[in-house]
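K.L.:
In the working numbering, the protein residues as written are 638 to 987. All C-beta atoms, glycine included, are put in the ideal place defined by N, C-alpha and C. Here the structure is a predicted model, which means the values were calculated and not measured. One structure coming up, written as structure tokens, with questions to follow.
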Ligand code: DOR
Ligand code: ZN
């Protein structure tokens with residue numbers, strides 16, 4: 638089975654020493670990725686952005702290609718006048734992290750109204766706002782729903798700003814999105830389509846399934862599946878692949894993040910097939926609302942106003958066992974047998 642090479646509109650590529658392995662695993666499958674800026678230090682200037690992109694490029698294996706769509710981190714202290722230079726340096730969007738909500742977000746935004754000047758400038762420049770939509774102080778299962786009024790304030794105050802609610806996990810967020818204008822989209826991860834909080838803490842604790850926002854109830858998962866399979870085009874793929882070394886996951890105070898980059902397309906192929914949804918656009922009948930190819934390789938590009946990728950993803954029907962680890966990182970579905978092997982061929986010029 639062959640489909641257009643996929644985009645991943647939400648990845649954490651990290652920094653040395655993790656960076657090289659992560660970049661290579663990602664480029665094996667994906668042609669283009671939206672790179673998150675929650676590095677240390679964070680990406681808050683054109684120079685930092687250019688240096689980070691150069692580090693990513695240098696980490697590729699010989700012959701590998703990966704198109705990087707860069708983002709910067711929105712801070713209340715970020716001078717709006719630096720945004721044109723960030724755009725010039727290649728930023729396509731700015732990421733809003735509410736303060737303290739997840740990894741490296743202690744410097745995040747305390748009140749969305751405090752970044753009005755930056756949002757105004759982003760709107761003017763046509764930059765996309767990517768939002769970690771959780772209200773940090775609420776009960777953990779309610780944080781996404783509690784952030785929705787802030788999201789609505791942003792959407793109504795900035796009437797031409799394009800906004801992506803990242804890694805949606807709840808029925809409440811899906812329903813809110815459906816009521817918002819078309820310029821508001823959302824990414825959905827692989828793991829939130831497959832697991833609930835029961836998989837994380839319902840039996841023994843599974844630290845490698847712990848992420849933010851946390852996986853929720855079965856009813857929420859079903860809404861996410863319905864959003865993806867409904868084919869509206871507004872819910873597109875962003876993995877939130879977020880590796881941490883095993884020592885920082887299997888710990889008394891462990892980090893949030895699921896490493897899905899090496900398995901995401903194989904797992905998605907099984908999920909779509911198991912739900913009777915075609916993998917390729919060529920195989921899509923009039924009665925099919927969508928395909929895997931649309932979810933991973935068309936809808937996100939269309940939302941961001943980008944050309945489709947030129948490479949191909951080969952999804953070979955070939956069983957393989959997911960390695961127990963990639964370097965120091967334990968991947969999603971470690972040790973499990975998957976039915977499809979995914980490998981990218983060709984792709985955009987760097
Ligand atoms: O689980 C997560 N891990 N969620 C995020 O929002 C950030 C990410 C990370 O950077 O580790
Ligand atoms: Zn993330």
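Hey, how far is the Cα of residue 979 from the Cα of residue 638?
P.N.:
Each residue's alpha carbon lies about 10 Å from the other.
K.L.:
Would you kindly check if the distance between the Cβ of residue 774 and the Cβ of residue 679 is under 8 Å?
P.N.:
No, the pair does not count as a contact, with Cβ atoms beyond the cut-off.
K.L.:
Just reading off the alpha helix (DSSP H) that residue 758 is part of, what are its end residues?
P.N.:
Note, residue 758: alpha helix (DSSP H), 753-762.
K.L.:
Under a three-way DSSP split, which group does residue 738 fall into?
P.N.:
The answer is coil: DSSP assigns residue 738 none of H, G, I, E or B.
K.L.:
Tell me whether residue 647, by its Cβ, gets closer than 7 Å to a heavy atom of the ligand ZN.
P.N.:
Yes, the Cβ of residue 647 comes within 7 Å of a heavy atom of the ligand ZN.
K.L.:
Take the Cβ of residue 718 as the centre, count every other Cβ of all protein chains shown within 10 Å, and call the residue buried at 16 or more, exposed below.
P.N.:
Residue 718 is exposed by the Cβ-count criterion.
K.L.:
Taking 7 Å as the cut-off, is the C-beta of residue 879 nearer than that to any heavy atom in the ligand ZN?
P.N.:
It does: the Cβ of residue 879 is within 7 Å (strictly closer) of some heavy atom of the ligand ZN.
K.L.:
When DSSP builds the beta bridges, which residues end up paired with residue 639?
P.N.:
Looking at the DSSP assignment, residue 639 forms a beta bridge with 951.
K.L.:
Closer than 8 Å is the cut-off here; do at least three beta carbon pairs connect the segment 866-879 with the segment 930-944?
P.N.:
Yes, the segment 866-879 touches the segment 930-944.
K.L.:
Can you tell me which of 964, 762, 702 and 728 puts its alpha carbon nearest to the alpha carbon of residue 654?
P.N.:
Of 964, 762, 702 and 728, the residue nearest in Cα terms is 964.
K.L.:
Using CA atoms only, rank isn't needed, just tell me which of 648, 782 and 664 is closest to residue 948.
P.N.:
Measuring from the Cα of residue 948, the nearest candidate turns out to be 664.
K.L.:
Which value, in whole angstroms, describes the spacing of the CA atoms of residue 876 and residue 959?
P.N.:
Their Cα atoms are separated by approximately 17 Å.
K.L.:
What's the gap between the Cα of residue 944 and the Cα of residue 846?
P.N.:
Cα-Cα distance, rounded: 33 Å.
K.L.:
Classify residue 873 as helix, strand or coil using the three-state DSSP reduction.
P.N.:
Strand.
K.L.:
Taking 7 Å as the cut-off, is the C-beta of residue 848 nearer than that to any heavy atom in the ligand DOR?
P.N.:
Checking the Cβ of residue 848 against the ligand DOR gives yes.
K.L.:
Would you mind working out which of 907, 908, 727 and 882 sits nearest residue 652, comparing C-alpha positions?
P.N.:
Nearest C-alpha to residue 652: 882.
K.L.:
Leaving aside the five residues before and after residue 971 along the sequence, list all residues of the same chain whose C-beta is less than 8 Å from its C-beta, in chain order.
P.N.:
Once the five neighbours on either side are set aside, the close Cβ partners of residue 971 are 845, 959, 960, 961 and 962.
K.L.:
Under three-state DSSP, which class holds residue 655?
P.N.:
If DSSP states are grouped into helix, strand and coil, residue 655 belongs with coil.
K.L.:
If you run the structure through DSSP and keep just helix, strand and coil, what is residue 825?
P.N.:
Of the three classes helix, strand and coil, the one that applies to residue 825 here is strand, per DSSP.
K.L.:
If you draw a straight line from the C-alpha of residue 805 to the C-alpha of residue 819, how long is it?
P.N.:
Spanning the two alpha carbons is a distance of roughly 16 Å.
K.L.:
For residue 1008, does the three-state DSSP call read helix, strand or coil?
P.N.:
Nothing about residue 1008 can be reported from this structure: the residues present for the chain run from 638 to 987 only.
K.L.:
With a threshold of 7 Å, establish whether the CB of residue 806 neighbours any heavy atom of the ligand SAH.
P.N.:
Although the ligand SAH was asked about, the structure shown includes only the ligand DOR and the ligand ZN as ligands.
K.L.:
Work out the CA separation of residue 751 and residue 711 for me, nearest whole Å.
P.N.:
Going by the C-alpha atoms only, they are around 11 Å apart.
K.L.:
Tell me whether residue 817 counts as near the ligand ZN, meaning its Cβ is closer than 7 Å to at least one heavy atom of that ligand.
P.N.:
Not under cutoff, so the answer is no.
K.L.:
Indicate whether residue 896 and residue 967 have their beta-carbon atoms separated by less than 8 Å.
P.N.:
Yes. Within cutoff.
K.L.:
Measuring only the C-alpha atoms, how far is residue 977 from residue 799?
P.N.:
Taking the straight line joining both Cα atoms gives about 35 Å.
K.L.:
CB-CB under 8 Å to residue 797, same chain, minus the five flanking residues each way: which ones, in chain order?
P.N.:
The residues are 760 and 820.
K.L.:
Mapping the DSSP letters down to three states, classify residue 716 as helix, strand or coil.
P.N.:
The answer is coil: DSSP assigns residue 716 none of H, G, I, E or B.
K.L.:
Within the same chain, show all residues whose beta-carbon is closer than 8 Å to that of residue 692, passing over the 5 residues directly before and after it, in chain order.
P.N.:
So the qualifying residues of the chain are 652, 653 and 656.
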